[in-house]
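Read through the structure below, which is laid out as structure tokens, and then see the notes.
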């Protein structure tokens, strides 16, 4: 019995399937694989700007979760009540920013996650820029860009490229990095025991779980500078936080491999550790320098 006719028919089916695949390309994911968690406590004045910056992302809107951390002022309550029904709104009693962020992260199911404060905004192409290196390199845990000031200050906050050693003594990343979901899962999210610099601890914890990041040379976060400065309050908590970090992540601070990863040489590491570990410049002088560097010039 001749089998060739059936083989030919089978071949035609395979060719037809391949042609159909070519004619019907896979639908673009856009930003549907990203969830942005926006946390809010009495920031109704700014919340709509933050939400709009997320929903107007180049490539399409991501999933959006807004966590209300027990807001009480009428304006915020009104803004929350008017949020689009497509936004996942989570309400909880006031428990602090770490708990609010964790509530949103636990609710997310997408491969990529990003946390945004309600008074800040994402640059329009932030998600496209940050997702690209993560899709190219599966070993990267997160990607972050630079912060551009608006309102009270103007200019760009510039840090050196990602360096695990530098991260031990200075918070060089910020909050709004795009991370893989596994980073949040393996670290357990934000440590709610930290009253200050909880996002610094989060990225150190990611390092402790063998996740590294990359800095992109582009403004991805629009950071609102408003109201009274937190610098004095942050400075009071800085040294205490550093002690807490060194206690919790003692293995990182004693691991010689972390130092070997740094681009800094022995003298550079010693200088960096002394300056940022002790942070000898008084807060008032540091604040004045920041004002000269980023403060709005009169007459503009």
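Numbering (my numbering), first residue to last: -1 to 298. We put the CB at the ideal spot given by N, CA and C, even for glycine.
query: Whole-angstrom distance between residue 148 and residue 101, CA atom to CA atom; result: 28 angstroms
query: Residue 212 versus residue 71: straight-line alpha-carbon distance, rounded; result: 38 angstroms
query: Secondary structure of residue 220, DSSP reduced to three states; result: strand
query: Cβ neighbour criterion (16 or more within 10 Å) applied to residue 264; result: exposed
query: Selected residue, minimal CA-CA separation from residue 292, among 151, 195, 273, 255; result: 151
query: Residue range of the unbroken alpha helix (DSSP H) whose run includes residue 149; result: From DSSP, residue 149 is part of no alpha helix (DSSP H) but of the beta strand (DSSP E) over 138 to 149.
query: Where residue 25 falls: helix, strand or coil (DSSP); result: Any reading at residue 25 needs caution, since the residue's pLDDT is 49, under 50, leaving its predicted position unreliable; the model's value is listed next. Three-state result, residue 25: coil.
query: Beta-carbon proximity list for residue 19, same chain, < 8 angstroms, skipping 5 on both sides; result: For residue 19, the predicted model reports a pLDDT of 39, less than 50, meaning its position is unreliable and no value from the coordinates is stated.
query: Beta-carbon spacing of residue 62, residue 77 below 8 angstroms; result: no
query: Span separating the alpha-carbon of residue 111 from that of residue 176; result: 6 angstroms
query: Member of 214, 117, 187, 181 whose CA lies at the smallest distance from the CA of residue 131; result: 214
query: Local conformation of residue 256 per DSSP, three classes; result: helix
query: N-terminal and C-terminal residue of the beta strand (DSSP E) that residue 334 is part of; result: Outside the shown range of the chain, which is -1 to 298, sits residue 334, and nothing can be said about it.
query: Those runs of the alpha helix (DSSP H) which lie wholly inside the stretch 186 to 216 and span at least 4 residues; result: 196 to 206
query: Coil, strand or helix - residue 266 by DSSP; result: helix
query: Exposed unless 16 or more other CB atoms sit within 10 angstroms - verdict on residue 254; result: exposed
query: Length at least 3, wholly inside the stretch 150 to 174: the beta strand (DSSP E) runs in chain order; result: 153 to 155
query: Backbone secondary structure at residue 43 - three-state DSSP; result: helix
query: Host beta strand (DSSP E) of residue 76 (start-end); result: Unbroken run through residue 76 is the alpha helix (DSSP H), 72 to 79; no beta strand (DSSP E).
query: N- and C-terminal bounds of the beta strand (DSSP E) containing residue 279; result: That residue, residue 279, is in no beta strand (DSSP E); it is neither H nor E in DSSP.
query: Nearest-angstrom Cβ-Cβ length linking residue 117 and residue 88, presumed shorter than 8 angstroms; result: No, residue 117 and residue 88 are not in contact; Cβ-Cβ is about 18 angstroms, not under 8 angstroms.
query: Rounded straight-line distance, which links the Cα of residue 106 to that of residue 57; result: 20 angstroms
query: Candidates 59, 29, 168, 108, of which the one nearest residue 180 by Cα; result: 108
query: 8 angstroms contact criterion, which residue 29 and residue 165 should meet: CB distance rounded; result: That pair is no contact at about 28 angstroms.
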